[in-house]
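> Mapping to the numbering used here: the sequence shown position 16 is 0, numbers consecutive.
All C-beta atoms, glycine included, are put in the ideal place defined by N, C-alpha and C.
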Amino acid sequence: MTVSNDGLVNVSNATVNLTVEAANGATETYTKYTGNLSDSADAPNNETTLTYDLTEFAAEELLGDLAQGNAKVTATVDPANDIPETDETNNQVVNSTRVVYADPAVRIQGQSTALQSQKATFVVFTKNNGTAKTGEFNVTVDYDDGTTENITIANLGVNQPNTTRVTHRFLTGGDKVVSATVSDGVPFDNNESTKDVTVKPYTLSIENDDVSVPSTVVNNSTVTVLAEFNANHPSDVNATVSLPAGLELAAGQSAEKQVRSSAKGGSVAWKVRGNTTADIEDAQVDVTVEAFGESDTASATTNVTVPKVRYTTTNATTLKSAGETQSLALNVSNATTYEHTLNVTVQSGTDGRTLQGLEYLFSYPYWCVEQTTTQMMSALRTDQYYRNGDIPSNYNRDRANSTISAGISKLADEPTPGAYFNISQHDNGAWSMYGNNPRGDLFYTIYALQARAPSPTTRCRATART
-15 MTVSNDGLVN
-5 VSNATVNLTV
5 EAANGATETY
15 TKYTGNLSDS
25 ADAPNNETTL
35 TYDLTEFAAE
45 ELLGDLAQGN
55 AKVTATVDPA
65 NDIPETDETN
75 NQVVNSTRVV
85 YADPAVRIQG
95 QSTALQSQKA
105 TFVVFTKNNG
115 TAKTGEFNVT
125 VDYDDGTTEN
135 ITIANLGVNQ
145 PNTTRVTHRF
155 LTGGDKVVSA
165 TVSDGVPFDN
175 NESTKDVTVK
185 PYTLSIENDD
195 VSVPSTVVNN
205 STVTVLAEFN
215 ANHPSDVNAT
225 VSLPAGLELA
235 AGQSAEKQVR
245 SSAKGGSVAW
255 KVRGNTTADI
265 EDAQVDVTVE
275 AFGESDTASA
285 TTNVTVPKVR
295 YTTTNATTLK
305 SAGETQSLAL
315 NVSNATTYEH
325 TLNVTVQSGT
335 DGRTLQGLEY
345 LFSYPYWCVE
355 QTTTQMMSAL
365 RTDQYYRNGD
375 IPSNYNRDRA
385 NSTISAGISK
395 LADEPTPGAY
405 FNISQHDNGA
415 WSMYGNNPRG
425 DLFYTIYALQ
435 ARAPSPTTRC
445 RATART
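#1: Quick one: measure Cβ to Cβ for T32 and T18, integer angstroms, because I've assumed they're closer than 8 Å.
#2: Hey, how far is the Cα of V90 from the Cα of T208?
#3: Mapping the DSSP letters down to three states, classify A435 as helix, strand or coil.
#4: By Cβ distance, which residues of its chain are closer than 6 Å to N20, with the 5 residues on each side in sequence left out?
#5: For the beta strand (DSSP E) holding S279, just list the boundary residues, first then last.
#6: Give the secondary structure of V353 by DSSP, where H, G and I count as helix, E and B as strand, and everything else as coil.
#7: May I ask you to list the residues that DSSP assigns as paired with A43?
#8: Let me know if N112 comes out buried or exposed under the rule of 16 or more other beta-carbons within 10 Å of its beta-carbon.
#9: Pull up the distance between the alpha-carbon of S317 and that of E323, whole angstroms please.
#10: Is the beta carbon of N246 sitting closer than 9 Å to the one on P291?
#11: Looking only at C-alpha atoms, which of I407, Y428, D263 and T334 sits nearest to Y418?
#12: Sort out for me which residues DSSP pairs Y36 with in a bridge.
#13: Look up S244 in the DSSP assignment and say whether it is helix, strand or coil.
#14: Please report the distance separating the alpha-carbon of A446 from that of T358.
#15: Compare the C-beta of G424 against all C-beta atoms of chain B and say whether one is closer than 9 Å.
#16: Residues in its own chain within less than 6 Å of S439 by CB, not counting five upstream and five downstream?
#17: Taking the runs of the beta strand (DSSP E) that are 3 residues or longer, which of them lie wholly in the stretch 117 to 174?
#18: Would you mind working out which of G258, E133 and K160 sits nearest T151, comparing C-alpha positions?
#19: Can you grab the Cα-Cα spacing for the pair D266 / G258, in whole Å?
#20: Apart from the five residues on each side of it in sequence, which residues of its chain come closer than 7 Å, Cβ to Cβ, to L303?
#21: Looking only at DSSP bridge pairs, what is P304 linked to?
#22: Report the three-state DSSP secondary structure of G391 (helix, strand or coil).
#23: Should A363 and N385 be called a contact, given that it needs their Cβ atoms to be closer than 9 Å?
#24: Can you find the residues in the same chain that come closer than 6 Å, C-beta to C-beta, to A164, ignoring five residues on each side of it along the sequence?
#25: Secondary structure at L326, three-state DSSP: helix, strand or coil?
#26: So if DSSP puts G424 in a beta bridge, which residue, or which two residues, is it bridged to?
#27: Between the Cα of T75 and the Cα atoms of G(-9), R153, D129 and Q368, which residue gives the shortest distance?
#28: Ignore the nearest five residues each way along the sequence and tell me which others in M361's own chain have a CB closer than 7 Å to its CB.
#29: Is it buried or exposed for Y428, if we count other Cβ within 10 angstroms and need 16 for buried?
#30: When you compare the stretch 55 to 68 with the stretch -2 to 10, are there three or more beta-carbon pairs, one atom per stretch, that lie closer than 8 Å?
#31: Excluding the 5 residues flanking E232 on each side, which residues of the same chain have their C-beta closer than 7 Å to its C-beta?
#32: Is N139 near G119, with beta carbons less than 9 Å apart?
#33: Could you give the distance in angstroms between the alpha-carbon of P390 and the alpha-carbon of A284?
#34: Starting from N(-11), trace the beta strand (DSSP E) both ways and give me its first and last residue.
#35: What do you reckon, are the CB atoms on N222 and K241 nearer than 9 Å?
#36: Go ahead and pull the three-state DSSP assignment for D26.
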């Protein structure tokens, strides 16, 4: 403000009041003094310039949405009329001013969970919410671990935003409160922002039970090796499979793979094939996982087998008298063979050959009614043969009775044990091949009735119905 003495005498320490009125009605008066002013003939010593600091009043009354920065300013010289003047009409002037200000607001965002000793990323957002340019200013980021970082932000225009990314490695674990602070001298509640972060060590593990491989791998066949691992943070995990002799990676497969894990873990798989010329037992497959300097290994075992094609060649001759000698020739295959067995069977006459065939009949497959009945009747007739004649000392009668009992059980109403078909008698007294035709079948009914015909030791419920 400029005050001048237009009179013909000197003036000493005239009072000058500056009154500021905000749009909300609040006022504040500031008082200063001119000091000694010469008369008008002694220019420029007849005037002085006074400066008033309105910062405190503006901070309280002229900022924000209420007044929008508009202010009425009234300057009054000699408000108490202590100085005699020839003109009292030029002692007051009224003007208006707009108070503008810079208001950089700050906000920080980032990951809620960070790994100890690994890079954590945060984003610092700043924006000038004021009505004037900011000029260059600093944002201080405090990581709550004894370290801070200053970010220099260039001049921001009105409503202009800025985004800055920062990274930090937390050397200690625990719960942290990361803060971003800017000092702008403007009393708005936007100068600090915080982000809660949990810092934890990274863990990665895999157990033997987490590695899956078929119990048997047939040579030249392809199978899958599956591994599941545990982790406590999303990450890229390097997984490596190590195969034993007899197994190799399938075409297009790589021993090393990188997979993305969740916050709980992940899985990885390889296609492998058998490649061996001999059976291998307990072949060990190792899987190693690595990430963030942590690693773990787990194993599983399998048996690698070579498919076996049995090549059989036979020949026979007859010896008719004691001391007789005969020679037998066996054809030899050109195939490479790994195991060899020579069986020599001596059968004494017709009875011997017949008894040799009974071994097969006792183990005859028994899924359907016909197979069950055939096996049962073979055992029944063999047992009857020995009961009617001389029983040799090595005859196993319990084996015959067990076979007969199993057949009777299957043909009766009792549920069939195990994974076999239920071939028991239908409600109309008939049987069908696999028990799947309630009307029955004449052939299977007659065959089953023949095996279950009444005898001193058996009883057939079907005969009472037909």
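From the atom records:
#1: Start at 1 with the first residue of the sequence shown, and residue 32 comes out as number 48. Start at 1 with the first residue of the sequence shown, and residue 18 comes out as number 34. At roughly 5 Å, the Cβ-Cβ gap stays under 8 Å, so T32 and T18 are in contact.
#2: Position 106 of the sequence shown holds residue 90. Position 224 of the sequence shown holds residue 208. If I take the Cα positions, the gap works out to 53 Å.
#3: Taking the first residue of the sequence shown as position 1, residue 435 is located at position 451. Three-state DSSP puts A435 in a helix.
#4: The residue labelled residue 20 in the question sits at position 36 within the sequence shown. These residues qualify, in order along the chain: S(-4).
#5: Within the sequence shown, residue 279 is the residue found at index 295, counting from 1. Start and end: E278 to T289.
#6: Counted from its first residue, the sequence shown places residue 353 at position 369. V353: helix per DSSP, three-state reduction.
#7: Locating residue 43 in the sequence shown gives position 59, counting from the first residue. DSSP output for A43 lists no bridge partner at all.
#8: For this step, residue 112 is matched to residue 128 along the sequence shown. So N112 ends up on the buried side.
#9: Walking along the sequence shown from the start, residue 317 turns up at place 333. Walking along the sequence shown from the start, residue 323 turns up at place 339. Straight-line Cα distance between these residues: approximately 13 Å.
#10: Start at 1 with the first residue of the sequence shown, and residue 246 comes out as number 262. Start at 1 with the first residue of the sequence shown, and residue 291 comes out as number 307. Per the sequence shown, residue 246 should be read as Ser rather than Asn. Going by C-beta atoms, S246 is not nearer than 9 Å to P291.
#11: As a working mapping, residue 418 is identified with position 434 in the sequence shown. Taking only the C-alpha atoms, the option nearest Y418 is I407.
#12: As a working mapping, residue 36 is identified with position 52 in the sequence shown. DSSP lists no partner for Y36.
#13: In the sequence shown, counting from the first residue as 1, residue 244 sits at position 260. The question names Ser, but residue 244 is Arg in the sequence shown. The answer is strand: DSSP assigns R244 an E or B state.
#14: As a first step, residue 446 is located in the sequence shown; it is residue number 462 there, counting from the start. As a first step, residue 358 is located in the sequence shown; it is residue number 374 there, counting from the start. Confidence at A446 is low in this model, with a pLDDT of 35, below 50, so its placement is unreliable and no value can be given for it.
#15: In the structure shown, chain B does not exist; there is a single protein chain.
#16: The count along the sequence shown starts at 1 and reaches residue 439 at position 455. Because the pLDDT of S439 is 49, which lies under 50, any placement of that residue in the model is unreliable, and the number read from its coordinates should be weighed accordingly. No residues qualify anywhere along the chain.
#17: 121 to 126, 132 to 137, 145 to 153 and 158 to 166
#18: Here residue 151 corresponds to residue number 167 of the sequence shown, with the count starting at 1. It is E133 whose Cα lies nearest to the Cα of T151.
#19: By one-based count along the sequence shown, residue 266 stands at place 282. By one-based count along the sequence shown, residue 258 stands at place 274. Computed Cα separation, rounded: 14 Å.
#20: Here the question's residue 303 lines up with position 319 in the sequence shown. Q310, listed in sequence order.
#21: On the sequence shown, position 320 is the one that residue 304 refers to. The displayed chain sequence assigns Lys, not Pro, to residue 304. Paired residue(s): none; K304 is not in a bridge.
#22: Locating residue 391 in the sequence shown gives position 407, counting from the first residue. Three-state DSSP puts G391 in a helix.
#23: For this step, residue 363 is matched to residue 379 along the sequence shown. For this step, residue 385 is matched to residue 401 along the sequence shown. Closer than 9 Å, so yes.
#24: Position 180 of the sequence shown holds residue 164. Counting only Cβ-Cβ distances below 6 Å, and skipping sequence neighbours, we find V90, I92, V108, V123, V125 and S177.
#25: Position 342 of the sequence shown holds residue 326. Reduced to three states, the DSSP call for L326 is coil.
#26: Taking the first residue of the sequence shown as position 1, residue 424 is located at position 440. Its beta-bridge partners do not exist; DSSP assigns none.
#27: As a first step, residue 75 is located in the sequence shown; it is residue number 91 there, counting from the start. Checking the displayed sequence, the identity of residue 75 turns out to be Asn instead of Thr. Closest by alpha carbon: G(-9).
#28: Here residue 361 refers to the residue found at position 377 when the sequence shown is read from its first residue. A435.
#29: By 1-based counting over the sequence shown, the position of residue 428 is 444. So Y428 ends up on the buried side.
#30: yes
#31: Within the sequence shown, residue 232 is the residue found at index 248, counting from 1. So the qualifying residues of the chain are V256, R257 and N259.
#32: By 1-based counting over the sequence shown, the position of residue 139 is 155. By 1-based counting over the sequence shown, the position of residue 119 is 135. The answer is yes: Cβ separation under 9 Å.
#33: Within the sequence shown, numbered from 1, the residue matching residue 390 stands at position 406. Within the sequence shown, numbered from 1, the residue matching residue 284 stands at position 300. The sequence given here has Ala at residue 390, not Pro. Roughly 41 Å separates the two Cα atoms.
#34: Taking the sequence shown and counting its residues from 1, the one referred to as residue -11 is at position 5. Unbroken run through N(-11): none, as it is neither H nor E.
#35: If you number the sequence shown from 1, residue 222 lands on position 238. If you number the sequence shown from 1, residue 241 lands on position 257. Yes, Cβ-Cβ distance for N222 and K241 is below 9 Å.
#36: On the sequence shown, residue 26 is found 42 positions in, with the first residue counted as 1. Three-state DSSP puts D26 in a helix.
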